[in-house]
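Heads up: the structure comes next, in structure tokens.
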Amino acid sequence: MNKEFFNSIEKETYTKRPVDPQWMELVQSRANVSGKIAVDIGAGGGIYSVALAKLGAASVIGVDISENMIAGAKENCREYPQISFQVGTARESNLPGGTADVLLERALIHHLKNHQLPECFAEAKRILNENGVFIVQDRTIEDCSLAGSNEHIRGFFFEQYPELLKKDIARRHSADTINSYLTEAGFQHVEVLSFWENRKIYNTLDELKQEITLRKGRSILFELNDEQVQLLANGIGERVTKSFPLVEKERWTIWFARA
Numbered sequence: 001m002n003k004e005f006f007n008s009i010e011k012e013t014y015t016k017r018p019v020d021p022q023w024m025e026l027v028q029s030r031a032n033v034s035g036k037i038a039v040d041i042g043a044g045g046g047i048y049s050v051a052l053a054k055l056g057a058a059s060v061i062g063v064d065i066s067e068n069m070i071a072g073a074k075e076n077c078r079e080y081p082q083i084s085f086q087v088g089t090a091r092e093s094n095l096p097g098g099t100a101d102v103l104l105e106r107a108l109i110h111h112l113k114n115h116q117l118p119e120c121f122a123e124a125k126r127i128l129n130e131n132g133v134f135i136v137q138d139r140t141i142e143d144c145s146l147a148g149s150n151e152h153i154r155g156f157f158f159e160q161y162p163e164l165l166k167k168d169i170a171r172r173h174s175a176d177t178i179n180s181y182l183t184e185a186g187f188q189h190v191e192v193l194s195f196w197e198n199r200k201i202y203n204t205l206d207e208l209k210q211e212i213t214l215r216k217g218r219s220i221l222f223e224l225n226d227e228q229v230q231l232l233a234n235g236i237g238e239r240v241t242k243s244f245p246l247v248e249k250e251r252w253t254i255w256f257a258r259a
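Okay, so the sequence shown: first residue is 1 according to the UniProt record's numbering, each after it adds one.
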């Protein structure tokens, strides 16, 4: 996925989803965002920029490679004057050194090749002040390979389309690789944990199926054509056995590293 991809999709694809309160509690407990300057690289539609603002950040700078995504983010965040956006990348943010107290890169590094990670983490180290906290959230191969269930809807994607799992795994980095590159970049006291994040509550099956067919916030589904995505939505409808409302959860790995 590159700039052209994110400029080509609907700018609302990565907007208007509430963030799990447990995620916010976790981040606040590790980074104490209140009153801080926070940077959200790979901000997309600004969902987590809003979360950082709600945690009390004095200012939030959202950075994204796509002008299209930034346009959607500005609309999504217009009620938060402390949030601003600018074009940049994880390897060239266009931010001055020592800007941030907290730096978030959520669901970003799987868009980078292995050899690009050192440059990404070096840029993060440069942006952060000497006491700053770097938060990396992404999936490992183990996270991606979990079976589908009434809560873990994502697992059904790969049960129906095993070739999709191969594509997803191919873009993932191991926890050991991330740990090594963080250390090489000069980060200390790296904490790694697994986290089940509540993604969304669906009140009806139709609501869940619509979320799938629209590919909302799911770049991996753009590997399928429209007919395949519709078949997937129908297949998930047959697999889900729990009554609604249904809470969808996703498994992530999160790194908290201090500059």
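Ideal placement from N, C-alpha and C gives every residue a C-beta, glycine not left out.
Between the beta-carbon of residue i and the beta-carbon of residue j, is there less than 8 Å?
i: Leu164; j: Ile220; result: yes
i: Phe244; j: Asn179; result: no
i: Gly237; j: Leu205; result: yes
i: Gln116; j: Arg78; result: no
i: Leu55; j: Val33; result: yes
i: Leu95; j: Ile135; result: no
i: Gly62; j: Ala31; result: no
By the DSSP assignment, the beta strand (DSSP E) with residue i in it spans what residues?
i: Ser84; result: 83–87
i: Asn198; result: 188–202
i: Leu128; result: 128–138
Could you check where the alpha helix (DSSP H) with residue i kicks off and where it finishes?
i: Phe158; result: 154–160
i: Ser59; result: Unbroken run through Ser59 is the beta strand (DSSP E), 59–64; no alpha helix (DSSP H).
i: Asn68; result: 67–76
i: Ile236; result: 226–239
i: Ile47; result: 47–54
i: Glu79; result: Run containing Glu79: none; DSSP gives neither H nor E here.
i: Leu205; result: 205–213
Per DSSP, what kind of secondary structure is residue i in: helix, strand or coil?
i: Ser8; result: Unreliable placement is indicated for Ser8, whose pLDDT of 46 sits below 50; no coordinate value is reported for it.
i: Leu146; result: coil
i: Thr13; result: Note that Thr13 scores a pLDDT of 49, beneath 50, so its modelled location is shaky; the value from the coordinates is reported in the next line. Coil at Thr13, not helix or strand.
i: Ser180; result: helix
i: Leu103; result: strand
i: Glu250; result: strand
i: Arg218; result: coil
i: Val19; result: coil
i: Asn114; result: helix
i: Val33; result: coil
Does the beta-carbon of residue i have 16 or more other beta-carbons within 10 angstroms, so that it is buried, or is it exposed?
i: Arg199; result: buried
i: Asn68; result: buried
i: Ala147; result: exposed
Rounded to whole angstroms, how far is the Cβ of residue i from the Cβ of residue j, which I believe are closer than 8 Å?
i: Ala51; j: Ile37; result: The Cβ separation is near 15 Å, so there is no contact.
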